Amino acid sequence: MARNFPSTRVAGLDLNDKALKLAELNASLAGVHVDFACSDLYSSLPDLLDGTDVEVIISNPPYIASSTSISGSVPIYSDGGASLGLDVSIRIVKEGSQFLARGGILLLYTGVTILAKSPGQDPFLEWVKSRKEYELLDYRIYHPDMWPEEIGKGVYADAARIQVVGIVLQKQ
Numbered sequence: 001m002a003r004n005f006p007s008t009r010v011a012g013l014d015l016n017d018k019a020l021k022l023a024e025l026n027a028s029l030a031g032v033h034v035d036f037a038c039s040d041l042y043s044s045l046p047d048l049l050d051g052t053d054v055e056v057i058i059s060n061p062p063y064i065a066s067s068t069s070i071s072g073s074v075p076i077y078s079d080g081g082a083s084l085g086l087d088v089s090i091r092i093v094k095e096g097s098q099f100l101a102r103g104g105i106l107l108l109y110t111g112v113t114i115l116a117k118s119p120g121q122d123p124f125l126e127w128v129k130s131r132k133e134y135e136l137l138d139y140r141i142y143h144p145d146m147w148p149e150e151i152g153k154g155v156y157a158d159a160a161r162i163q164v165v166g167i168v169l170q171k172q
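Under UniProt numbering, the first residue of the sequence shown is numbered 1, with each subsequent residue one higher.
Written as structure tokens, this is what we have:
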């Protein structure tokens, strides 16, 4: 983003300090300026904005469901929360509307657990369609069956599959 739109102010937010350090190195090697901040989603954004609205939000949040797995626990940087890993993605959509300018775009790449009892039902798509502050511009399944080894175990005991989706929303 920073390279393709050099006159645009770009912010990089993450909860993980190691991810931020790597992102800073990446920006430096690319020769671009990005304002980085340690942030629980948008918590640091008001300090970076100086009262301006955001035109574009791009996010690839964690979407592994909170649980104790065979390996012990889910690392914080991959924990998408409850609701089968959708909590963080839902927060991004809900809270993002506070910062997006009218007509602003939110792009999200996330995972959605599809339950075996309702294999044709996408709970995230249904939830997104109910949001009045956004117009749904695009919703694509990029991978229909990611992490098949997780299906039938732990928090995914009732899952049919985990699909990876891309979503484009425009603030009304």
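Positions of the beta carbon are idealized from the N, C-alpha and C atoms, including for glycine.
None of these values were measured; they are calculated from a predicted model.
Distance CB(residue i)-CB(residue j) smaller than 8 Å
i           : j           : result
residue 160 : residue 115 : yes
Option nearest residue i by Cα separation, candidates the options
i           : options        : result
residue 53  : 152, 5, 31, 42 : 42
residue 118 : 158, 92, 100   : 158
residue 23  : 92, 2, 6, 7    : 2
residue 150 : 131, 113, 168  : 113
residue 17  : 6, 31, 123, 40 : 40
Rounded separation between residue i and residue j - CA only
i           : j           : result
residue 166 : residue 51  : 29 Å
residue 11  : residue 33  : 9 Å
residue 96  : residue 148 : 31 Å
residue 55  : residue 170 : 10 Å
residue 129 : residue 155 : 26 Å
Inter-residue CB distance, residue i and residue j (contact presumed, cutoff 8 Å)
i           : j           : result
residue 36  : residue 20  : 5 Å
residue 111 : residue 85  : 6 Å
residue 144 : residue 121 : Not a contact, Cβ separation roughly 14 Å.
residue 46  : residue 88  : That pair is no contact at about 20 Å.
Residues bridged to residue i [DSSP beta-bridge criterion]
i           : result
residue 161 : 114
residue 109 : 166
residue 154 : Answer is none; residue 154 lacks a bridge partner.
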